[in-house]
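Undergrad: Quick one: the structure is below, and I'll ask about it shortly.
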Ligand code: PAF
């Protein structure tokens, strides 16, 4: 496995690979959810229908804490305190079967400082998570477009847990004709039902128990079709939980839809438990 820090080295390392490049973009602080993305990438490569040798198969994982997708372009505690655990992450990625880790620093990624030209994610990026984090999805889309341009992957893997991010990236690929096949990987949940997240490490045992109110509300919508207003009320009355939003939207365009839905839909929620903000979603 190679750990690469510069764009020039990355381009050089990938110059002889023509067939199957898989990209797993991350910000590090890896957990089971990220490893499931690598495992999906490896499985797809193993199952591919190609006459070429395995030298033509490469899984690249990027680790880059992207300031553009944080408040004030990274001039905030959330960015400064984001866990940076490169050594541990590299070990995990190597044992999961990653061939190349691309871990540039900020100056390497943005040598001229904040870029002048961004990918704009419009209304799709301004709602739900974007309402609490203005500009977040523009920052995500801009760095993902740069990663696609540098790595030129055939496939890229994103977790279903960040459902809005996934929808925005799919839309970007469609609108900008980027030739990358976007693969969604299902949410990994703990035995208690909480979705895996780098932020879970900030939860005490009591916080974690309180946080279960979110998957419980989503399950009640999915399994019992309880009234959406009732689900919102139960969630905001849960101990230790501050509700940001609980919405039901169309899965691709993320447009609000009437409850109960008559076609496949996506229920998404965000809560804060103490200082930790958590998101989750389920298909309806
Ligand atoms: O999901 C993430 O970790 C990030 O938003 C991503 C896709 C790596 C872009 O910085």
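In the working numbering, the protein residues as written are 5 to 288.
We treat Cβ as the ideally placed atom computed from N, Cα and C, and that holds for glycine.
Is the beta carbon of residue 27 closer than 8 angstroms to that of residue 144?
TA: By 1-based counting over the chain shown, the position of residue 144 is 140. By 1-based counting over the chain shown, the position of residue 27 is 23. No. Outside cutoff.
Undergrad: Over the uninterrupted beta strand (DSSP E) stretch that includes residue 259, give me the two end residues.
TA: In the chain shown, the residue the question calls residue 259 occupies position 255. From DSSP, residue 259 is part of no beta strand (DSSP E); its letter is neither H nor E.
Undergrad: Which residues in the same chain have their Cβ closer than 7 angstroms to the Cβ of residue 134, if we skip the five residues on either side of it in sequence?
TA: For the purposes of this step, residue 134 is identified with residue 130 of the chain shown, where counting begins at 1. Cβ neighbours of residue 134 beyond the five flanking positions: 140 and 141.
Undergrad: Please report the residue range of the alpha helix (DSSP H) in which residue 100 lies.
TA: Numbered from its first residue, the chain shown carries residue 100 at position 96. 90–100 is the span of the alpha helix (DSSP H), which, as asked, contains residue 100.
Undergrad: At 4 residues or longer, and completely inside the segment 124–148: list those alpha helix (DSSP H) runs for me, N to C.
TA: Runs found: 126–130 and 133–136.
Undergrad: Which of the three DSSP states is assigned to residue 34 in this structure?
TA: Looking up residue 34 in the chain shown gives position 30. If DSSP states are grouped into helix, strand and coil, residue 34 belongs with coil.
Undergrad: Which of the three DSSP states, helix, strand or coil, is assigned to residue 103?
TA: Against the chain shown, residue 103 aligns to sequence position 99. The answer is coil: DSSP assigns residue 103 none of H, G, I, E or B.
Undergrad: Give the straight-line distance between the Cα atoms of residue 42 and residue 66, rounded to the nearest whole angstrom.
TA: One-based indexing of the chain shown puts residue 42 at position 38. One-based indexing of the chain shown puts residue 66 at position 62. If you take the alpha carbons of residue 42 and residue 66, they lie about 11 angstroms apart.
Undergrad: Tell me residue 275's beta-bridge partners as DSSP assigns them.
TA: Indexing the chain shown from 1 puts residue 275 at position 271. According to DSSP, residue 275 bridges with 247 and 282.
Undergrad: State the Cα-Cα distance for the pair residue 51 and residue 226, rounded to the nearest angstrom.
TA: Looking up residue 51 in the chain shown gives position 47. Looking up residue 226 in the chain shown gives position 222. Taking the straight line joining both Cα atoms gives about 33 angstroms.
Undergrad: Applying the criterion that 16 or more other CB atoms from any shown protein chain within 10 Å of the CB defines a buried residue, is residue 93 buried or exposed?
TA: For the purposes of this step, residue 93 is identified with residue 89 of the chain shown, where counting begins at 1. Its Cβ being crowded by 16 or more others within 10 Å, residue 93 is buried.
Undergrad: DSSP has residue 190 in a bridge; who is on the other side?
TA: By one-based count along the chain shown, residue 190 stands at place 186. Residue 190 is not bridged to any residue.
Undergrad: Is any heavy atom of the ligand PAF found at a distance shorter than 7 angstroms from the C-beta of residue 113?
TA: If you number the chain shown from 1, residue 113 lands on position 109. No; taking the cut-off as 7 angstroms, the Cβ of residue 113 has no heavy atom of the ligand PAF nearer than that.
Undergrad: Regarding residue 148 and the ligand PAF, is the C-beta to nearest heavy atom distance less than 7 angstroms?
TA: Stepping through the chain shown from its first residue, residue 148 is reached at position 144. Yes, Cβ of residue 148 sits closer than 7 angstroms to a heavy atom of the ligand PAF.
Undergrad: Any chance the CB of residue 168 is under 7 angstroms from a heavy atom of the ligand PAF?
TA: Counting from one through the chain shown, the residue named residue 168 turns up at place 164. No, the beta carbon of residue 168 sits no closer than 7 angstroms to any heavy atom of the ligand PAF.
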